[in-house]
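Numbering (full-length UniProt numbering), first residue to last: 1 to 183.
Using N, Cα and C, we set each Cβ at its ideal position, and we do this for glycine too.
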């Protein structure tokens with residue numbers, strides 16, 4: 001009888017280990033390929049996103065479609081490991097972007113958009129026309145006068161391969177939970 005108890009206990013331990021391994025494996029696959037949680041740090045996307053907001057980033061959509069103008073994306077900051085930026089796509093591959101007197105021009109035409117919190121006081125490197133290559137995006141924070149974005153040389157244009165995913169849903173604070181507006 002004691003031998004049967006030992007076998008039963010060993011079987012339960014093995015089943016528990018297999019169960020934990022399967023759960024960890026599924027979690028790894030979801031976080032790597034489907035979605036992940038990220039936290040907003042700083043005011044650059046106010047009034048759309050606030051410091052401390054927790055988001056779910058959709059990492060699968062861009063495997064089947066291209067990023068679109070006004071999508072809110074997450075990408076790594078190239079000069080600091082484990083630091084990610086959250087910005088809005090303004091310029092698409094192949095377009096020419098320029099900022100003149102606080103207005104954004106795409107291919108020489110004023111961009112009609114409602115996301116900027118205020119009129120931009122600095123055009124940065126976009127004071128001169130910027131021609132985007134076939135895999136580059138021009139991004140801005142919604143809080144344009146308090147955002148480090150494509151206007152700054154250290155951020156610059158965002159390559160398609162650097163986009164982690166699209167900010168999809170706010171999960172914290174609970175009072176603001178919901179799907180994020182992109183278009």
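- Nearest Cα to residue 157 within the set 138, 170 and 100: 138.
- Rounded to the nearest angstrom, the gap between the Cα atoms of residue 163 and residue 87 is 11 angstroms.
- By the C-beta criterion, the segment 148-157 is judged to be in contact with the segment 124-140, since at least 3 inter-stretch pairs fall below 8 angstroms.
- Taking a cut-off of 8 angstroms on C-beta distances, the segment 119-136 does not touch the segment 73-87, as fewer than three cross pairs fall below it.
- Of the other Cβ atoms in all chains shown, fewer than 16 fall within 10 Å of the Cβ of residue 65; this residue is therefore exposed.
- Residue 105 and residue 90 have their alpha carbons spaced roughly 10 angstroms apart.
- If you compare the alpha carbons of 23, 36 and 26 with that of residue 84, the shortest gap goes to 36.
- In this structure, residue 118 lies near residue 144, with their beta-carbon atoms less than 9 angstroms apart.
- Pairing residue 54 with residue 43, the inter-Cα distance amounts to about 14 angstroms.
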